[in-house]
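Chains as they are written, first to last, in the UniProt record's numbering: chain X, 1 to 212; chain D, 1 to 212.
Note sheet for the following structure.
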């Protein structure tokens, strides 16, 4: 089973690495990091280089497509080689998936029309303009389309998907292997649970980026 | 504030990327990925290349040292350039930290003598032989030494550390930004919660690796 994780400059690292850490542990899984051109991409904050080992053209028919999000998503919204690859790969994929604002790229490529989908909480409403139906949930399955909310939600999405692909026991064993027994030190992970003034402050700070 | 994340071959990606995603978002933080020699390392499963932009020698005095774990930890237990760098960096660090079996490397370098520390649940007892006191907790603070349990625990550790360094509101805003509102599809993330036969199966499968 081939899983292609799409990379591009200013991707959010955890969007890609959370699902990678889960899905790569399924028996028989081959995870390939690919970009329009092979080479190193840089993530959105600071100094992390992630290697896209191959060009997307070299992996035309993955079983699972995964598109992570991040600020660089905004440069991936126009039709072009990435969208063309996504449409072609989607035609034969078993699962087409995204994390965070990766769903906006899938939607821009025309793959989520009429589909329920999620995204980062600050970007969720943008799905509407692209023909998808925003669902305020952490992980959304609609047929073969699976979308996750912001950044860390990719871990929950991947475990759920691993269960569908390989069965509950495989997914549970992966969860145990990565000791995913989360104990966040704060209850601040959603706009509902975080202190309201912090939600408003982040919404304001993100307005320029998200509308850019 | 300079944060150095140490890379080596067969590191577990999420051990490094979880804390990176959190700590890099603190105002004023500079995260540097470094290895004994600069260049690309390959992670433990599948095909991910992570770039160590600089050699450890180029960053001798970070404020925060972070050592991730992974199967490659076993090749990092002998005294040598990494241990020498860790001891020197620790002499001036504000925080010396690890995720998963990274704590075994810190212990092997002599930095956890008499300290309470945690590690991956399958490796926890190995801390004893290196002079540390194993603590079956997800995140352990002992003075400036901060250790996290397996893989995904690095996210919880980093949020807790971000709170200590930059204050609760900064840490909560980061948690909200990465939408860390975990909803695992299974209750299988610890040896206490997972189905017992899966715990035993994973323990058996890991025995060779961990004792190797």
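Quick reminder that beta carbons are idealized off the backbone N, C-alpha and C, glycines included.
By the C-beta criterion, the segment 168-183 of chain D is judged not to be in contact with the segment 131-143 of chain D, since fewer than 3 inter-stretch pairs fall below 8 Å. The C-beta of residue 175 of chain D comes closer than 8 Å to at least one C-beta of chain X. Within 10 angstroms of the beta-carbon of residue 197 of chain X lie fewer than 16 other beta-carbons, which makes it exposed. Contact annotation: the segment 79-99 of chain D touches the segment 45-62 of chain D, with at least three C-beta pairs closer than 8 Å. The beta carbon of residue 160 of chain X sits closer than 8 Å to some beta carbon of chain D. Scanning its chain for C-beta atoms nearer than 7 Å, with the 5 sequence neighbours on each side dropped, one finds around residue 38 of chain D the residues 52, 53, 54 and 55, in chain order. Within 10 angstroms of the beta-carbon of residue 119 of chain D lie 16 or more other beta-carbons, which makes it buried. By the beta-carbon neighbour count (other beta carbons within 10 angstroms, threshold 16), residue 130 of chain D is buried. Residue 3 of chain D is positioned such that its CB atom lies no closer than 8 Å to that of residue 16 of chain D.
Along the segment 95-121 of chain X, going in chain order, the ones with a CB nearer than 7 Å to a CB of chain D are 120 and 121.
The three-state reading of DSSP puts residue 130 of chain D in helix, counting H, G and I together. Close to residue 25 of chain D, with beta-carbon spacing below 8 Å, are these residues of chain X in chain order: 45. In this model, residue 97 of chain D and residue 199 of chain X are separated by some 30 Å (Cα to Cα).
The bridge partners DSSP lists for residue 142 of chain D are D/145.
Chain-ordered, the chain X residues with CB closer than 7 Å to the CB of residue 183 of chain D read 138 and 156. Cα atoms of residue 204 of chain X and residue 64 of chain D: separation of roughly 30 Å, rounded to the nearest angstrom. Residue environment for residue 187 of chain D: exposed (fewer than 16 other C-beta atoms within 10 angstroms of its C-beta). In the structure shown, residue 167 of chain D falls within a coil segment according to DSSP collapsed to helix, strand and coil. The Cβ neighbour count for residue 190 of chain D, taken over all protein chains shown within 10 Å, is at least 16; the residue is labelled buried.
For the pair residue 48 of chain X and residue 89 of chain X, the CB atoms are not nearer than the 8 Å cut-off. Taking 3 residues as the minimum length, the beta strand (DSSP E) runs contained wholly in the UniProt domain "DJ-1/PfpI" (2-161) of chain X are 2-6, 30-35, 39-42, 49-52, 64-67, 95-99, 139-142 and 145-148, in order along the chain. Residue 173 of chain X and residue 23 of chain X have their C-alpha atoms spaced approximately 12 Å apart.
Across the structure, residue 28 of chain X and residue 19 of chain X are spaced so that their CA atoms are roughly 16 Å apart. The contact set of residue 33 of chain D on chain X, defined by CB atoms closer than 8 Å, consists of 47, 48 and 49 in chain order.
Going by beta carbons, residue 152 of chain X and residue 180 of chain D fall inside the 8 Å limit. The beta carbons of residue 176 of chain D and residue 202 of chain X sit about 6 Å from each other, so the pair counts as a contact at 8 Å.
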